[in-house]
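Novice:
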Amino acid sequence: MAEEKEMVSIYIMGKQYQVPYGLTIMKAMEYAGYRFIRGCGCRGGFCGACGTVYRKPGDFRLKVGLACQTMVEDGMHLTQIPFYPANKATYRLEELTPALSTILQHYPETTRCLGCNACTRICPQELEVMHYIAAAQRGDIEKLANMSFDCIMCGLCASRCPAEIVQYNVAILGRRLYGRHIAPRAAHLAKRVEEIAAGKFDEEIAGLTQLDRTELQKLYDARDIEA
Amino acid sequence: MYTPEMLEAIKIVEETRERRLKETFPRLKPEEKDQLLRAFHPDYMAGAMRPVKVGPNKGDKMPHEHVDLLESRSMLDPDTFSLNIDFDVDVLVIGGGGAGTSAALLAQEAGAKVLLATKLRHGDANTMMAEGGIQAADKENDSPAIHYLDVMGGGGFHNIPELVAALVKDAPLCIQWLESLGCMFSKFPDGTMNTIHGGGTSRKRMHFAHDYSGAEIMRTLRDEARNRGIQVIEFSPAVELILDESGQCAGAVLYNLETEQYLVVRAKTVIIATGGSGRLHIAGSPTTNHYGATADGLVMAYRAGAKLIFLDATQFHPTGVAFPEQIVGQLVTEKVRGLGAQLVNAAGEQFIYPLETRDAVSSAIIRECRERRKGVTTPSGMSGVWLDSPMIEIIHGKGTIEKELPAMFRQYKRFDINMAEQPILIYPTLHYQNGGILINDRAETAIPNLYVAGEASGGVHGRNRLMGNSLLDIIVFGRRAGKNAAERAKNVQLGKLSLAHVKRFHEELQKEGLGQKVAPVLLPDYRGKVS
Numbered sequence: 000m001a002e003e004k005e006m007v008s009i010y011i012m013g014k015q016y017q018v019p020y021g022l023t024i025m026k027a028m029e030y031a032g033y034r035f036i037r038g039c040g041c042r043g044g045f046c047g048a049c050g051t052v053y054r055k056p057g058d059f060r061l062k063v064g065l066a067c068q069t070m071v072e073d074g075m076h077l078t079q080i081p082f083y084p085a086n087k088a089t090y091r092l093e094e095l096t097p098a099l100s101t102i103l104q105h106y107p108e109t110t111r112c113l114g115c116n117a118c119t120r121i122c123p124q125e126l127e128v129m130h131y132i133a134a135a136q137r138g139d140i141e142k143l144a145n146m147s148f149d150c151i152m153c154g155l156c157a158s159r160c161p162a163e164i165v166q167y168n169v170a171i172l173g174r175r176l177y178g179r180h181i182a183p184r185a186a187h188l189a190k191r192v193e194e195i196a197a198g199k200f201d202e203e204i205a206g207l208t209q210l211d212r213t214e215l216q217k218l219y220d221a222r223d224i225e226a
Numbered sequence: 000m001y002t003p004e005m006l007e008a009i010k011i012v013e014e015t016r017e018r019r020l021k022e023t024f025p026r027l028k029p030e031e032k033d034q035l036l037r038a039f040h041p042d043y044m045a046g047a048m049r050p051v052k053v054g055p056n057k058g059d060k061m062p063h064e065h066v067d068l069l070e071s072r073s074m075l076d077p078d079t080f081s082l083n084i085d086f087d088v089d090v091l092v093i094g095g096g097g098a099g100t101s102a103a104l105l106a107q108e109a110g111a112k113v114l115l116a117t118k119l120r121h122g123d124a125n126t127m128m129a130e131g132g133i134q135a136a137d138k139e140n141d142s143p144a145i146h147y148l149d150v151m152g153g154g155g156f157h158n159i160p161e162l163v164a165a166l167v168k169d170a171p172l173c174i175q176w177l178e179s180l181g182c183m184f185s186k187f188p189d190g191t192m193n194t195i196h197g198g199g200t201s202r203k204r205m206h207f208a209h210d211y212s213g214a215e216i217m218r219t220l221r222d223e224a225r226n227r228g229i230q231v232i233e234f235s236p237a238v239e240l241i242l243d244e245s246g247q248c249a250g251a252v253l254y255n256l257e258t259e260q261y262l263v264v265r266a267k268t269v270i271i272a273t274g275g276s277g278r279l280h281i282a283g284s285p286t287t288n289h290y291g292a293t294a295d296g297l298v299m300a301y302r303a304g305a306k307l308i309f310l311d312a313t314q315f316h317p318t319g320v321a322f323p324e325q326i327v328g329q330l331v332t333e334k335v336r337g338l339g340a341q342l343v344n345a346a347g348e349q350f351i352y353p354l355e356t357r358d359a360v361s362s363a364i365i366r367e368c369r370e371r372r373k374g375v376t377t378p379s380g381m382s383g384v385w386l387d388s389p390m391i392e393i394i395h396g397k398g399t400i401e402k403e404l405p406a407m408f409r410q411y412k413r414f415d416i417n418m419a420e421q422p423i424l425i426y427p428t429l430h431y432q433n434g435g436i437l438i439n440d441r442a443e444t445a446i447p448n449l450y451v452a453g454e455a456s457g458g459v460h461g462r463n464r465l466m467g468n469s470l471l472d473i474i475v476f477g478r479r480a481g482k483n484a485a486e487r488a489k490n491v492q493l494g495k496l497s498l499a500h501v502k503r504f505h506e507e508l509q510k511e512g513l514g515q516k517v518a519p520v521l522l523p524d525y526r527g528k529v530s
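For the protein sequence lines, the chains are A and B, in the order given.
In this text, residue positions in the first sequence follow numbering that gives the first Met the number 0: the first is 0, and each later residue adds one.
In this text, residue positions in the second sequence follow numbering that gives the first Met the number 0: the first is 0, and each later residue adds one.
1) Can you tell me where the beta strand (DSSP E) with K267(B) in it begins and where it stops?
2) Would you kindly report the start and end of the unbroken beta strand (DSSP E) that includes V18(A)?
3) Does DSSP put L470(B) in a helix, in a strand, or in coil?
4) Alpha carbon to alpha carbon, how far is D42(B) from P236(B)?
5) Please classify L172(A): does DSSP put it in a helix, a strand, or coil?
6) For V51(B), tell me which candidate among L68(B), M44(B), L36(B), L35(B) has the shortest Cα-Cα distance.
7) Would you mind telling me which residues of chain B sit closer than 9 Å to K44(A), beta carbon to beta carbon, in chain order?
8) Note down, in chain order, each residue of its chain lying with its Cβ closer than 7 Å to the Cβ of A144(A), except the 5 sequence neighbours on either side.
9) Answer yes or no: do A340(B) and K373(B) have a C-beta to C-beta separation smaller than 9 Å?
10) Go through its chain and collect everything with a Cβ distance to A135(B)'s Cβ below 8 Å, but skip five positions before and after it.
11) Below 6 Å CB to CB, which residues in the same chain sit around K112(B) once its five sequence neighbours on both sides are set aside?
12) Is C195(A) helix, strand or coil when you go by DSSP?
13) Can at least three beta-carbon pairs, one atom from the segment 310 to 322 of chain B and one from the segment 212 to 220 of chain A, be found at a separation below 8 Å?
14) Tell me which same chain residues have a C-beta within less than 8 Å of the C-beta of T78(A), skipping the five on either side of it?
15) Given this structure, state the Cα-to-Cα distance separating M129(A) from D58(A), to the nearest angstrom.
16) Give the secondary structure of I181(A) by DSSP, where H, G and I count as helix, E and B as strand, and everything else as coil.
17) If you measure from the CB of R225(B), is any heavy atom of the ligand ATP nearer than 8 Å?
18) Measure the Cβ-Cβ separation of I36(A) and S201(B) and say whether it is below 9 Å.
19) Under a Cβ-count criterion, where at least 16 other Cβ atoms within 10 Å of its own Cβ denotes burial, should I195(B) be classed as buried or exposed?
20) Beta strand (DSSP E) containing L251(B): first to last residue?
21) With 9 Å as the threshold, decide whether the Cβ of A1(A) is near any Cβ in chain B.
22) Which residues in chain A sit within 8 Å of E161(B), going by Cβ to Cβ distance?
23) Give the interface partners of C182(B) over in chain A, defined as CB-CB distance under 7 Å, in chain order.
24) Does any residue of chain B bring its CB to less than 9 Å from the CB of M152(A)?
25) 9 Å is my cut-off, CB to CB: does K14(A) come that close to chain B?
26) Pull up the DSSP beta-bridge partners for Y431(B), would you.
27) Which residues share a DSSP beta bridge with W176(B)?
28) Cβ closer than 7 Å: which chain A residues qualify as neighbours of N439(B)?
29) Below 8 Å on the Cβ atoms is my guess for I164(A) versus R120(A); work out the distance and round it to an integer in Å.
30) With 16 as the cutoff for other CB atoms within 10 Å, does R72(B) come out buried or exposed?
31) If you reduce the DSSP assignment to three classes, tell me which class F476(B) lands in.
32) Taking the runs of the beta strand (DSSP E) that are 3 residues or longer, which of them lie wholly in the segment 62 to 149 of chain A?
33) When you compare each of V263(B), M48(B), E70(B), G54(B) to K60(B) by their alpha carbons, which one comes out closest?
34) Considering Cα atoms alone, identify which of G131(B), A109(B), G97(B), G110(B) is closest to T117(B).
35) Check for me: the alpha helix (DSSP H) holding L114(B) runs from which residue to which?
Here it is as structure tokens:
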């Protein structure tokens with residue numbers, strides 16, 4: 000297993016480095032000597048901190064990936080976009096209605112969408128961004144919420160949008176509207192909250208806190224497990 | 000993409016699948032579990048720990064990686080550092096994850112002037128990556144009392160009773176709070192919450208939002224904090240707590256990572272919500288944790304005189320990615336097992352009930368690879384066992400994985416592995432700090448005005464946390480800390496700001512010949528390495 004590591008050339012903001020093939024962009028940058036402050040978050044594909052754009056020589060196409068999840072390729076010319084200014088409306092969710100008017104009131108620029116699909120093409124989560132913006136424009140909050148659910152708010156879409164929409168902020172407004180105003184509330188949950196507030200379980204739990212280890216172990220071992 | 004050798008190994012798993020679908024592996028008896036942990040859990044490995052020589056926990060054994068930090072000196076020179084106040088607030092929240100953001104929201108609601116200081120971006124925290132779910136006893140067939148038993152048993156009965164009582168009683172209210180903030184929990188058409196089992200649970204009380212449960216909660220809380228105009232300073236971790244001359248907590252010194260300048264915050268109350276310590280790579284293990292998980296809060300609180308508890312109980316998540324190499328250590332949520340996937344060795348056999356508590360499953364996997372030599376070895380030399388994910392499609396129907404585990408499905412697809420058709424290779428990974436700074440059920444420490452919430456605290460989970468109780472912990476105690484701190488701040492009178500406690504700590508270090516290194520470390524250093 001003592002093979003020589005194959006090395007590749009990558010260009011970090013135009014500067015060439017030799018790094019081992021097989022590393023992710025993030026680990027390759029660290030191998031090259033970078034210590035991240037910006038551009039690194041969860042390192043696991045969830046937080047959107049490490050959005051990276053790159054091109055390969057001879058190919059005009061702009062490619063994208065999360066630095067923590069994308070392997071280096073020989074000849075990659077890359078940069079991260081760790082921050083992009085974004086318009087964010089402020090609102091009191093409880094006062095809003097889940098309708099087109101709410102979207103337009105907070106993000107009127109949504110109507111400027113050209114349908115160019117640049118946002119969809121740049122999304123590292125492969126979401127159909129243009130389509131969820133289209134749903135927003137129709138006032139279809141449920142569709143907006145479901146289609147945008149896997150959005151990690153990396154901001155690459157907003158960086159590419161000629162209409163200057165911040166798609167991921169429209170999306171989170173849509174999701175919160177759905178979660179609060181469209182999805183039916185859990186009735187059993189409300190009931191249990193009331194019961195607890197009324198003290199229904201106080202005595203039983205107070206009793207449990209007084210038990211010693213042996214008594215607790217007995218109760219624990221005697222639990223029936225829901226199938 | 001799997002290598003040809005691994006594809007051959009997968010055939011063995013496929014051959015036994017039909018038989019295994021009807022099999023239930025027997026659960027461990029308490030003595031068996033105890034023996035298994037003692038023989039194979041990393042906490043019991045000889046040479047992994049040493050007693051700390053200074054401070055409130057002097058003499059207690061903890062992992063070297065923690066002791067190294069606790070026996071370090073401050074970034075600041077207490078003799079020369081000038082405490083000119085840059086910010087003056089009622090509540091300073093250190094840490095912008097789920098606990099910190101919950102605390103900030105509740106503190107502000109109670110009328111306090113709040114400052115939230117984060118090390119990286121607001122939301123860069125372990126909360127964002129939590130996948131499986133959040134526990135709460137809100138179904139008819141369940142009750143907080145049953146939840147109490149599950150938590151206690153999972154923790155080895157070491158949990159502090161009043162903390163567990165608070166956790167289980169606040170739980171349904173916390174879910175309702177998140178629901179009202181617009182969190183899209185997975186529900187049935189009539190609004191009933193879709194809930195499943197986790198390791199060690201006796202009722203299906205794990206609420207989730209596909210497998211983005213943590214992200215859904217984090218981004219919702221963050222959006223709400225932004226809407227409410229709570230002041231947030233990013234990329235400015237706290238490096239030292241400030242006390243006043245009478246020993247009350249009085250604020251903190253922040254360090255702007257980008258400009259390398261200090262900011263002095265005077266605060267009537269301080270809430271530490273700095274999260275976990277996975278990036279210390281305890282036992283040399285890969286980790287599921289985010290970049291900033293370096294135990295900063297523990298170090299600062301320790302110097303101020305706070306006691307730590309159960310820091311010698313480290314949680315390894317049984318299923319961390321073992322292949323492909325690029326994402327080794329990343330989390331494969333317990334939900335995969337919750338949906339029916341079995342753990343299978345190289346011979347195609349089960350060897351442990353998949354939903355034992357995490358410490359037991361981790362130990363069993365380590366035993367299977369190390370002692371029984373029935374693990375699979377990857378090209379990079381890592382060992383692992385299979386998690387037979389295709390079983391989920393068979394049990395729940397085709398398309399279940401893509402629907403219920405979109406984040407995981409996508410993660411593997413990026414590396415040309417279809418987890419709906421092929422099993423995945425896993426091995427235990429460093430995941431959670433079971434212990435931390437000791438608190439009471441008001442989230443208070445023994446130091447006046449100092450609160451702690453979330454992973455940085457200790458006592459709630461005993462010596463082993465159950466799945467779904469961390470997302471719960473941060474909301475329950477984040478809210479309690481915020482509310483209580485705001486209330487207390489109304490009556491706090493601060494004296495002269497002081498770093499005398501740091502000076503005293505440095506003197507104690509010097510007596511022991513310690514203090515060569517500086518802590519908190521703030522960020523791990525992977526420069527020049529193939530990590």
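No residue lacks a Cβ here, since even glycine has one placed at the ideal position from N, Cα and C.
These numbers were taken from a predicted model, which means no experiment stands behind them.
Specialist: Walking through what the data contain:
1) The sequence position of residue 267(B) within the second sequence is 268, counting from 1. Here the beta strand (DSSP E) through K267(B) covers 260 to 271.
2) Numbered from 1 along the first sequence, position 19 holds the residue referred to as residue 18(A). Per DSSP, V18(A) belongs to the beta strand (DSSP E) from 14 to 19.
3) Position 471 of the second sequence, counted from the start, is the residue given in the question as residue 470(B). Reduced to three states, the DSSP call for L470(B) is helix.
4) The residue given as residue 42(B) occupies position 43 in the second sequence. The residue given as residue 236(B) occupies position 237 in the second sequence. C-alpha separation (whole angstroms): 30 Å.
5) Position 173 of the first sequence holds residue 172(A). Reduced to three states, the DSSP call for L172(A) is helix.
6) Taking the first residue of the second sequence as 1, we reach residue 51(B) at position 52. For the set L68(B), M44(B), L36(B), L35(B), the Cα lying nearest the Cα of V51(B) is the one of L68(B).
7) As a first step, residue 44(A) must be located in the first sequence, where it is residue number 45. The amino acid at residue 44(A) is misidentified as Lys; the sequence shows Gly. Under the 9 Å cutoff, chain B gives M128, I326, Q329, A406, R409, Q410, R413.
8) For this step, residue 144(A) is matched to residue 145 along the first sequence. The beta carbon of A144(A) lies closer than 7 Å to those of G173, R174, Y177 in the same chain, with the five residues before and after it left out.
9) For the purposes of this step, residue 340(B) is identified with residue 341 of the second sequence, where counting begins at 1. For the purposes of this step, residue 373(B) is identified with residue 374 of the second sequence, where counting begins at 1. Cβ atoms of A340(B) and K373(B): not closer than 9 Å.
10) The residue labelled residue 135(B) in the question sits at position 136 within the second sequence. For A135(B), where only same-chain residues beyond five positions count, the Cβ hits under 8 Å are H146, A170, P171, C173, I174, R204, H206, L471.
11) On the second sequence, residue 112(B) is found 113 positions in, with the first residue counted as 1. If we look at K112(B) and ignore the five residues flanking it on each side, its Cβ neighbours are V88, D89.
12) Locating residue 195(A) in the first sequence gives position 196, counting from the first residue. The sequence given here has Ile at residue 195(A), not Cys. Three-state result, I195(A): helix.
13) no
14) In the first sequence, residue 78(A) corresponds to position 79, counting from 1. Only I11, M12, T51, V52, Y53 meet the Cβ criterion.
15) Within the first sequence, residue 129(A) is the residue found at index 130, counting from 1. Within the first sequence, residue 58(A) is the residue found at index 59, counting from 1. Taking the straight line joining both Cα atoms gives about 25 Å.
16) Taking the first residue of the first sequence as 1, we reach residue 181(A) at position 182. I181(A): helix per DSSP, three-state reduction.
17) This structure does not include the ligand ATP; it has no bound ligands of any sort.
18) In the first sequence, residue 36(A) corresponds to position 37, counting from 1. In the second sequence, residue 201(B) corresponds to position 202, counting from 1. Cβ atoms of I36(A) and S201(B): not closer than 9 Å.
19) For the purposes of this step, residue 195(B) is identified with residue 196 of the second sequence, where counting begins at 1. Buried is the call here.
20) In the second sequence, counting from the first residue as 1, residue 251(B) sits at position 252. Just to set this straight, residue 251(B) is Ala in the shown sequence, not Leu. From DSSP, the beta strand (DSSP E) with A251(B) extends over 248 to 255.
21) Locating residue 1(A) in the first sequence gives position 2, counting from the first residue. In this prediction, A1(A) has a pLDDT of 46, which is less than 50 and means its spatial position is unreliable; nothing more can be read from the coordinates.
22) Counted from its first residue, the second sequence places residue 161(B) at position 162. Neighbours of E161(B) on chain A, chain order: T208.
23) Residue mapping note: residue 182(B) aligns to position 183 of the second sequence, counting from 1. For C182(B), the residues of chain A that pass the 7 Å Cβ criterion are G178, in the order they occur in the chain.
24) Reading the first sequence from its first residue, position 153 is the one you call residue 152(A). So, interface residue.
25) Here residue 14(A) refers to the residue found at position 15 when the first sequence is read from its first residue. For K14(A), the answer is no, since every Cβ of chain B falls outside 9 Å of its Cβ.
26) Working through the second sequence from its first residue, we reach residue 431(B) at position 432. Per DSSP, Q314(B).
27) Numbered from its first residue, the second sequence carries residue 176(B) at position 177. Answer by DSSP bridge pairing: none, since W176(B) is not bridged.
28) Here the question's residue 439(B) lines up with position 440 in the second sequence. None at all; the shortest Cβ gap to chain A is about 13 Å.
29) The residue given as residue 164(A) occupies position 165 in the first sequence. The residue given as residue 120(A) occupies position 121 in the first sequence. About 15 Å; that fails the 8 Å criterion.
30) Translated into positions along the second sequence, residue 72(B) becomes position 73. Buried.
31) Taking the first residue of the second sequence as position 1, residue 476(B) is located at position 477. Of the three classes helix, strand and coil, the one that applies to F476(B) here is helix, per DSSP.
32) The qualifying runs are 62 to 65, 75 to 79.
33) On the second sequence, residue 60(B) is found 61 positions in, with the first residue counted as 1. Of the listed residues, the one whose Cα sits closest to K60(B) is M48(B).
34) Taking the second sequence and counting its residues from 1, the one referred to as residue 117(B) is at position 118. Selected option, being the one with the closest Cα: G97(B).
35) Taking the first residue of the second sequence as position 1, residue 114(B) is located at position 115. Taken as a continuous stretch (DSSP letters only), L114(B) belongs to no alpha helix (DSSP H), being part of the beta strand (DSSP E) at 113 to 116.
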